[in-house]
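Student: Dropping a structure here in structure tokens format, bear with me for questions.
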Amino acid sequence: IKPKKRIILLVGLILGLSASIAFVFIRESLDNTVKTMSEIESLGMKILTIVPIIGHHRKRKKKNGNGLSASLERRLIIKEDPKSPVSEAYRTLRTSILYSNVDNKESKVIVVSSPGPSEGKTTTVSNLAITYANLGKKTILIDSDLRKSVLHKVFHKERKNGLSTFLSVKDSDMLDAIHKTDIENLSVMTSGPSPPNPSEILGSKKMSGLLDTLKENYDIILLDCPPIVAVTDALVLSKNMDSFILVCRSLVTQLGALERVLKNIEQVNSKLDGCVLNALSNVNSYGSGYYYNYYQYYY
Numbered sequence: 016i017k018p019k020k021r022i023i024l025l026v027g028l029i030l031g032l033s034a035s036i037a038f039v040f041i042r043e044s045l046d047n048t049v050k051t052m053s054e055i056e057s058l059g060m061k062i063l064t065i066v067p068i069i070g071h072h073r074k075r076k077k078k079n080g081n082g083l084s085a086s087l088e089r090r091l092i093i094k095e096d097p098k099s100p101v102s103e104a105y106r107t108l109r110t111s112i113l114y115s116n117v118d119n120k121e122s123k124v125i126v127v128s129s130p131g132p133s134e135g136k137t138t139t140v141s142n143l144a145i146t147y148a149n150l151g152k153k154t155i156l157i158d159s160d161l162r163k164s165v166l167h168k169v170f171h172k173e174r175k176n177g178l179s180t181f182l183s184v185k186d187s188d189m190l191d192a193i194h195k196t197d198i199e200n201l202s203v204m205t206s207g208p209s210p211p212n213p214s215e216i217l218g219s220k221k222m223s224g225l226l227d228t229l230k231e232n233y234d235i236i237l238l239d240c241p242p243i244v245a246v247t248d249a250l251v252l253s254k255n256m257d258s259f260i261l262v263c264r265s266l267v268t269q270l271g272a273l274e275r276v277l278k279n280i281e282q283v284n285s286k287l288d289g290c291v292l293n294a295l296s297n298v299n300s301y302g303s304g305y306y307y308n309y310y311q312y313y314y
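Dropping the structure here:
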């Protein structure tokens with residue numbers, strides 16, 4: 016190669032490498048999502064469990080009542096694959112909740128929410144409910160997301176007669192809103208039709224009375240609540256809870272949203288027990304790769 020061409024190739028190589036480094040640097044500087052455990056811990060939050068992504072799972076698609084394909088059954092990973100690392104992570108969450116209480120008193124009412132949408136709160140609370148049921152605890156899972164409910168789809172139940180029906184219809188029967196599942200010790204209360212005033216009915220005396228009644232009949236009560244940044248429903252329900260769990264998803268949850276959530280919780284004099292770091296992979300673990308070495312060793 017002639018010296019002139021060699022210089023051109025060398026300059027092109029340097030420019031290409033520089034452009035690539037600049038692109039990566041700019042992308043990382045603009046990415047404000049949660050990536051590491053240390054980012055969460057720096058905000059004063061405890062990490063109760065890390066839910067990993069290991070390997071690739073084939074989606075098991077089913078047809079729903081409308082003839083549309085859905086892959087909802089795989090959301091209940093504890094039921095589908097109880098020996099998987101993900102299932103073990105949910106059992107760890109159950110144990111962490113128990114010991115997050117300084118007096119070791121088991122929580123009866125557990126609220127699960129997230130800063131924003133699509134961060135895995137429904138999957139987390141559903142699998143957590145199964146871990147309690149498998150332990151022999153009489154468990155009820157309540158869909159408190161009265162705006163965009165999905166629990167009725169996850170457990171294949173009718174939505175129409177549920178929480179909002181009981182809270183808004185006079186002389187309604189609580190038992191009509193509770194549905195048995197095919198999992199022993201686990202019942203679900205669907206959301207019911209979307210009301211015009213979700214926050215108001217969730218903060219009503221009737222809701223508090225419902226939880227008091229359920230405490231007498233169930234060992235564990237879990238509430239799937241809407242994202243905190245979007246609406247106030249989870250904060251309204253926090254006055255009736257024993258434990259408050261936040262689900263954050265790696266590379267999805269915004270740090271700014273997480274900081275806003277902590278301020279909102281502080282403003283209502285509530286207490287956050289800890290965080291679930293969801294969907295952490297060996298690609299985005301950023302220094303947490305040793306978890307995957309351990310998971311691979313055991314599983």
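Residue numbers (the numbering used here): 16 to 314. Glycine included, each C-beta is placed from N, C-alpha and C at the ideal position.
1. Considering only the alpha carbon of each residue, which of Asn284, Leu238, Leu32 lies closest to Ser128?
2. Determine the contact status of Val246 and Pro130, defining contact as a CB-CB distance below 7 Å.
3. Using beta-carbon positions only, say whether Ala358 and Val49 come within less than 7 Å of one another.
4. By Cβ distance, which residues of its chain are closer than 7 Å to Lys286, with the 5 residues on each side in sequence left out?
5. So, is Gly177 buried or exposed, given that buried needs 16 or more other C-beta atoms within 10 angstroms?
6. What residue does the alpha helix (DSSP H) around Arg109 start on, and which one ends it?
7. Assuming Thr64 contacts Val291 (C-beta within less than 8 Å), just tell me the rounded distance between them.
8. What's the call for Lys74, buried or exposed, on a 16-neighbour Cβ count within 10 Å?
9. Around the Cβ of Tyr2, are there at least 16 other Cβ atoms within 10 angstroms (buried) or fewer (exposed)?
10. Sort Leu166, Ile93, Lys123 by Cα distance to Asn232 and report the nearest one.
11. Could you give the residue range of the alpha helix (DSSP H) that holds Met222?
12. Beta carbon of Asp248, beta carbon of Pro241: below 7 Å?
13. Asn79 to His167, Cα distance in whole Å?
14. By how many angstroms is the C-alpha of Pro132 removed from the C-alpha of Ile155?
15. Are the segment 266-275 and the segment 50-61 touching, with three or more C-beta to C-beta distances below 8 Å?
16. Name the two residues that bound the continuous beta strand (DSSP E) containing Ile157.
17. Which two residues bound the contiguous beta strand (DSSP E) that contains Phe259?
18. Locate the beta strand (DSSP E) running through Pro213, then write down its first and last residues.
19. Could you check the C-alpha separation between Lys163 and Phe170 for me, to the nearest Å?
Tutor: This is what the structure gives:
1. In the sequence shown, residue 128 corresponds to position 113, counting from 1. Looking at the Cα atoms, Leu238 is the closest of the given residues.
2. Residue 246 sits at position 231 when you count from the first residue of the sequence shown. Residue 130 sits at position 115 when you count from the first residue of the sequence shown. The answer is no: Cβ separation not under 7 Å.
3. The structure shown does not extend to residue 358, since the chain is modelled only from 16 through 314, so no value can be given for it.
4. What you label residue 286 is simply residue 271 of the sequence shown in a count that begins at 1. Contacts found: Phe259.
5. Stepping through the sequence shown from its first residue, residue 177 is reached at position 162. Classification of Gly177: buried, given that the 10 Å Cβ count is 16 or more.
6. Translated into the one-based positions of the sequence shown, residue 109 becomes position 94. Counting along the chain, the alpha helix (DSSP H) containing Arg109 begins and ends at 100-115.
7. Taking the sequence shown and counting its residues from 1, the one referred to as residue 64 is at position 49. Taking the sequence shown and counting its residues from 1, the one referred to as residue 291 is at position 276. 6 Å between Cβ atoms; contact.
8. Taking the sequence shown and counting its residues from 1, the one referred to as residue 74 is at position 59. Confidence at Lys74 is low in this model, with a pLDDT of 44, below 50, so its placement is unreliable and no value can be given for it.
9. One cannot answer for residue 2 here, as it falls past the ends of the chain, which runs 16 to 314.
10. In the sequence shown, counting from the first residue as 1, residue 232 sits at position 217. For Asn232, the nearest C-alpha among the options comes from Lys123.
11. Translated into the one-based positions of the sequence shown, residue 222 becomes position 207. 220-232 is the extent of the alpha helix (DSSP H) around Met222.
12. By one-based count along the sequence shown, residue 248 stands at place 233. By one-based count along the sequence shown, residue 241 stands at place 226. Yes, Cβ-Cβ distance for Asp248 and Pro241 is below 7 Å.
13. Locating residue 79 in the sequence shown gives position 64, where the first residue counts as 1. Locating residue 167 in the sequence shown gives position 152, where the first residue counts as 1. Interpretation of Asn79 is limited by its pLDDT of 39, a score under 50 that renders its predicted location unreliable; the figure taken from the coordinates is listed afterwards. Roughly 12 Å between the two C-alpha positions.
14. As a working mapping, residue 155 is identified with position 140 in the sequence shown. As a working mapping, residue 132 is identified with position 117 in the sequence shown. The straight-line gap from Cα to Cα measures roughly 23 Å.
15. yes
16. By 1-based counting over the sequence shown, the position of residue 157 is 142. 154-158 is the extent of the beta strand (DSSP E) around Ile157.
17. As a first step, residue 259 must be located in the sequence shown, where it is residue number 244. Taken as a continuous stretch (DSSP letters only), the beta strand (DSSP E) holding Phe259 covers 258-264.
18. Walking along the sequence shown from the start, residue 213 turns up at place 198. Premise fails: Pro213 lies in the alpha helix (DSSP H), 213-217, not in any beta strand (DSSP E).
19. For the purposes of this step, residue 163 is taken as residue 148 along the sequence shown, with counting starting at 1. For the purposes of this step, residue 170 is taken as residue 155 along the sequence shown, with counting starting at 1. Computed Cα separation, rounded: 15 Å.
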